[in-house]
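The structure appears right after this line, and notes come after that.
In our numbering, the protein residues as written are 11 to 534.
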């Protein structure tokens with residue numbers, strides 16, 4: 011979690027950007043991300059140098075080549091001087107000239123042609139207005155404990171939380187602990203091909219990569235599986251070039267060499283090249299309302315006749331998945347119980363034509379301060395042949411944070427998320443939450459019960475926080491998927507005093523009051 015000291019430093023830098031004339035919050039994030047990327051490149055180069063020294067083998071890759079860049083007088087600046095470890099010690103004027111005139115041209119051209127990084131970095135612009143501000147930001151980033159992967163995520167989270175124009179920019183920000191839950195429930199494998207068709211800063215793809223590093227470390231031993239991880243596993247689409255640059259750098263900083271992060275309007279462009287391609291879809295797409303009919307891709311209209319973006323994205327997920335592929339996606343509650351023909355049809359398809367696995371109802375405050383809309387996680391598997399027998403439901407009532415606009419943590423950071431852990435002697439140790447802590451953070455219980463959805467969960471009553479509903483019961487309701495349709499509430503019998511006894515007591519009180527008033531008048 012972001013500490014108070016770090017929070018105040020970020021606030022100071024943020025305010026300095028605004029004072030310097032940069033009013034677009036995404037531009038602030040983008041500039042800070044470039045500098046994070048610069049530091050990450052130097053860290054990666056240092057790691058490779060250490061490996062080469064330790065093993066006596068030559069370096070497998072040089073990020074910073076020998077020689078100079080050829081820009082300006084005297085053959086330009088040495089690439090070695092562009093490394094963060096040297097750059098950060100320069101005086102303000104020299105640092106500013108190095109970054110603006112040499113480092114950014116290097117960032118724009120360093121990647122191989124055709125890679126996502128090369129494509130998106132072509133438009134990278136250095137817009138920090140003054141040497142003083144650059145020094146302040148560099149000093150902040152240099153003090154970040156970047157050896158912990160979560161720090162970058164925490165930094166992004168806090169910066170994104172400062173975006174005021176929630177309706178336009180807040181849609182791409184999904185809380186990281188919710189992302190972690192969805193990744194934990196879908197359990198990515200080394201063979202998966204993963205897609206987020208509204209990727210934003212690539213939070214889902216980064217989390218999937220981190221899950222694989224933690225749970226399948228041997229995938230990096232084999233060259234074929236390592237190449238699959240770096241070049242074929244991760245795919246993200248977005249139509250905001252700033253998001254594509256940030257997402258591409260985010261993936262690179264998290265050790266994915268060449269992810270497929272590309273420009274695409276997922277609802278408007280045809281999907282012939284991506285149809286039946288992916289084995290796992292993770293997404294929280296923006297639900298902006300309705301599109302004009304002529305803007306909607308015809309292959310999506312063939313699945314469901316609608317202009318509503320939330321239903322079009324559901325059709326898109328089915329289009330992208332290969333048979334046997336699975337998905338965990340966030341939808342507004344209206345998708346679960348909407349009464350239009352299109353709403354009912356998309357739900358019927360999930361239940362009858364594919365396998366609907368589970369619904370996790372999220373608290374309405376999860377996306378505050380951006381929005382208070384009620385949402386749910388829908389988990390399903392594309393089969394093209396049905397397969398739904400029971401649907402597992404969970405009524406999540408607490409995610410570890412307050413459900414108001416402040417979203418204050420209710421537990422220590424190590425006890426938030428689906429897999430609470432703490433670092434001990436350089437290793438992560440799993441934590442077990444007590445009942446009181448689980449009441450504040452339902453996510454570990456969700457993950458545990460999801461794993462037993464085909465076992466003990468089948469026997470739980472519908473009065474419980476999680477339970478299963480048979481397919482026949484869902485079909486009988488017109489494929490209503492709202493948990494409240496099936497959840498049973500037990501009303502405790504209340505014992506009331508007899509009315510005559512209450513009336514007698516009221517009369518006695520009235521008599522006492524009247525007598526008191528008489529005494530008061532006599533005294534006056």
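Backbone N, C-alpha and C fix where the C-beta goes; we use that ideal spot for every residue, glycine too.
These figures come from a predicted structure and were not determined experimentally.
Subject >> Span of the beta strand (DSSP E) around residue 271 >> reply: Unbroken beta strand (DSSP E) run through residue 271: 270 to 273.
Original post:
Using the rule of at least 16 other Cβ atoms within 10 Å of the residue's Cβ for burial, across every protein chain shown, is residue 81 buried or exposed?
Top reply: Result: exposed.
Original post:
Would you call the region 199 to 207 and the region 233 to 246 touching, i.e. three or more CB-CB distances under 8 Å?
Top reply: These segments touch.
Original post:
Going by the beta-carbon positions, is the gap between residue 335 and residue 389 smaller than 8 Å?
Top reply: Their beta carbons are not under 8 Å apart, which means residue 335 does not touch residue 389 by this criterion.
**OP:** From the DSSP output, read off the bridge partner residues of residue 366.
**Re:** Residue 366 is bridged by DSSP to 390.
Original post:
Apart from the five residues on each side of it in sequence, which residues of its chain come closer than 7 Å, Cβ to Cβ, to residue 479?
Top reply: 400, 401, 403, 496, listed in sequence order.
**OP:** Work out the CA separation of residue 144 and residue 101 for me, nearest whole Å.
**Re:** Taking C-alpha positions only, residue 101 is separated from residue 144 by approximately 11 Å.
Subject >> Whether residue 331 touches residue 281 by CB criterion (8 Å) >> reply: No. Outside cutoff.
Subject >> 6 Å CB neighbourhood of residue 252 in its chain, flanking five on each side removed >> reply: Contacts found: 36, 40.
Original post:
Mind pulling the alpha helix (DSSP H) runs of 4 or more residues that sit fully within the region 464 to 530?
Top reply: Every unbroken stretch of the alpha helix (DSSP H) spanning 4 or more residues and falling wholly within the region 464 to 530 is given here in chain order: 481 to 486.
Subject >> Cutoff 7 Å; reference residue 472; Cβ partners in own chain excluding five residues on either side >> reply: Once the five neighbours on either side are set aside, the close Cβ partners of residue 472 are 496, 497, 498.
Original post:
Using 8 Å as the Cβ pair cut-off and three pairs as the minimum, do the region 510 to 526 and the region 368 to 380 touch?
Top reply: Segments in contact, no.
**OP:** Verify whether the separation of the beta carbon atoms of residue 293 and residue 339 is less than 8 Å.
**Re:** Here residue 293 is near residue 339, since their CB atoms are less than 8 Å apart.
**OP:** Evaluate residue 72 with the Cβ neighbour count: other Cβ atoms within 10 Å of its Cβ, from every protein chain shown; 16 or more gives buried, anything less gives exposed.
**Re:** By the neighbour-count definition (other C-beta atoms within 10 Å, threshold 16), residue 72 is an exposed residue.
Subject >> Option nearest residue 333 by Cα separation, candidates 288, 450, 350, 343 >> reply: Out of 288, 450, 350, 343, 288 has the C-alpha closest to the C-alpha of residue 333.
Original post:
Exposed or buried, what is residue 211 when buried is set at 16 or more other beta-carbons lying within 10 Å of its beta-carbon?
Top reply: By the 16-neighbour rule on beta-carbons within 10 angstroms, residue 211 is buried.
Original post:
Name the DSSP bridge partner or partners of residue 405?
Top reply: Looking at the DSSP output, residue 405 bridges to 371.
Original post:
Per DSSP, residue 35 forms a beta bridge with which residues?
Top reply: According to the DSSP secondary-structure assignment, residue 35 is paired through a beta bridge with no residue.
Subject >> Chain-order list of residues whose beta-carbon lies under 6 Å from that of residue 51 (same chain, five-residue window excluded) >> reply: Cβ within range, chain order: 73.
Subject >> Proximity below 8 Å, CB of residue 492 to CB of residue 347 >> reply: In this structure, residue 347 lies closer than 8 Å to residue 492 by Cβ.
**OP:** Using the Cα positions of residue 406 and residue 56, report the straight-line distance between them to the nearest angstrom.
**Re:** Approximately 44 Å, taken between the alpha carbons.
**OP:** Please report how far the alpha carbon of residue 486 lies from the alpha carbon of residue 424, in whole angstroms.
**Re:** Straight through space, the alpha carbons of residue 424 and residue 486 are spaced by roughly 43 Å.
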